[in-house]
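Novice: Input: one structure, supplied below.
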Ligand SMILES: *Cc1c(COP(=O)(O)O)cnc(C)c1O
């Protein structure tokens, strides 16, 4: 089997031991004579996986099941853009949103279908090259919640200091950096993440909700769109995405074996520094897309060549060195190296070497 350096932004690289164990489970689960893909979602074999996965999501984030509920839903993070306001907002009510990237702006558009959005901070006028810091929050008690994106996958910026909320419940889209940094998750009232960036395969989205916040959700929704119903049924109202949940659980066990989020964050910082240091060494040749070094994402490293006529040659050289997935998002251009938890440090070093050598040969 061949493994290249896969810099894809998502679906993205998985740990090899996770892929190996997942492939075994596709053949047979627990000596049952059946594939994981063949057992009922209400069977004993699957139930043990489901319960363990919920516990491991909370355990990894440092949260307790007394205080927080976990849901595993389909529809991607994009469905959560709509579900969050459906459950917590109403006509005439306001929610505060930070507008720091394309995904955040999509979340804002969905909230506007339901209620009023106060854009409390935006970097749209500088093409989302930074995290907005001066916020115009709603007065205390006026906003149902504040929503932001912890890591802007497309633009390559990340939030390291959690925003103030004036007392509003804190909610976030963590799709591209969940389980990547050791933040204080108990500050959040609701967080969600599609699995396919940093936590598993496409097909499942994790939602973690503080139970006291959940009690304030609307009750008169279609059951599939109701956090209250989904949480009360442990995401088994209908057939959940069994295989993606299984792989997320394997990934969480792999994270624990690495030493948990503190060790993972340390490793991610070292990996990202290899690439940023190489970019910064020749600032006339490479430019990072994030305006402030303090906003630079550890997950998605976005950069361009000062002379874009070298772009094709750079990609060809990357391909020769077994690297894939480096072109930037179509709306941003340039390049993007996505180096999620499972991306190996050797691959970061290999890209750093390419950056250094390519600048030397073409600068
Ligand atoms: C990829 C991504 C999304 C969209 O995820 P889907 O699962 O495709 O809906 C939303 N938010 C962020 C931050 C992302 O990186």
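Numbering (this note's numbering), first residue to last: 137 to 499.
Every residue gets a Cβ at the ideal spot worked out from N, C-alpha and C, and that includes glycine.
Roughly how far, in whole angstroms, is the beta-carbon of residue 204 from the beta-carbon of residue 346, given that I think they are within contact range, below 8 Å?
Specialist: 6 Å
Novice: Note down, in chain order, each residue of its chain lying with its Cβ closer than 7 Å to the Cβ of residue 299, except the 5 sequence neighbours on either side.
Specialist: 234, 271, 282 and 284
Novice: Under the criterion of a Cβ to heavy atom distance below 6 Å, does residue 311 qualify as lining ligand 1?
Specialist: yes
Novice: Quick check: the region 194–202 against the region 356–368, are there 3 or more CB pairs under 8 Å?
Specialist: no
Novice: On the DSSP bridge list, what partners appear for residue 460?
Specialist: Looking at the DSSP assignment, residue 460 forms a beta bridge with 142.
Novice: Within this structure, are the beta carbons of residue 341 and residue 414 separated by less than 7 Å?
Specialist: no
Novice: Starting from residue 182 and walking both ways along the alpha helix (DSSP H), at which residues does that stretch end?
Specialist: 180–197
Novice: How many Å lie between residue 210 and residue 311 at the Cα?
Specialist: 14 Å
Novice: So for residue 450, helix, strand or coil by DSSP?
Specialist: Residue state, collapsed to three classes: helix.
Novice: Which residues bound the beta strand (DSSP E) around residue 284?
Specialist: 279–285
Novice: CB of residue 144 to nearest heavy atom of ligand 2: below 6 Å?
Specialist: No copy of ligand 2 occurs in the structure displayed; its ligands are ligand 1 alone.
Novice: Rounded to whole angstroms, what's the CA-CA distance from residue 201 to residue 344? Just pull it up for me.
Specialist: 10 Å
Novice: State yes or no: is the C-beta of residue 287 within less than 7 Å of the C-beta of residue 433?
Specialist: yes
Novice: Can you give the Cα-Cα distance for residue 188 and residue 385, rounded to whole angstroms?
Specialist: 7 Å
Novice: Would you grab the beta carbon distance between residue 259 and residue 266 for me? Rounded to a whole angstrom, and I think it's under 8 Å.
Specialist: 5 Å
Novice: The alpha helix (DSSP H) with residue 348 in it runs from where to where?
Specialist: 347–350 is the span of the alpha helix (DSSP H), which, as asked, contains residue 348.
Novice: Quick one: which unbroken beta strand (DSSP E) runs of 3-plus residues sit fully inside the region 263–341? Chain order, please.
Specialist: 279–285, 306–309 and 326–330
Novice: By how many angstroms is the C-alpha of residue 419 removed from the C-alpha of residue 153?
Specialist: Taking the Cα positions, residue 153 is about 38 Å away from residue 419.
Novice: What are the boundary residues of the alpha helix (DSSP H) that includes residue 387?
Specialist: 378–394
Novice: So is residue 291 buried or exposed if we call it buried at 16+ other beta carbons inside 10 Å?
Specialist: buried
Novice: Considering Cα atoms alone, identify which of 490, 391, 484 and 495 is closest to residue 193.
Specialist: 391
Novice: In the structure shown, what three-state DSSP assignment does residue 343 receive?
Specialist: strand
Novice: Flag this pair as yes or no: are the beta carbons of residue 500 and residue 171 separated by less than 7 Å?
Specialist: Residue 500 lies beyond the range of the chain shown here (137 to 499); nothing can be said about it.
Novice: Whose CA, out of 302, 314 and 140, lies closest to the CA of residue 295?
Specialist: Nearest C-alpha to residue 295: 314.
Novice: I'd like the span of the beta strand (DSSP E) that includes residue 255, first residue to last.
Specialist: 252–258
Novice: For residue 470 and residue 439, which I take to be in contact (beta-carbon distance under 8 Å), what is that distance rounded to the nearest angstrom?
Specialist: 6 Å
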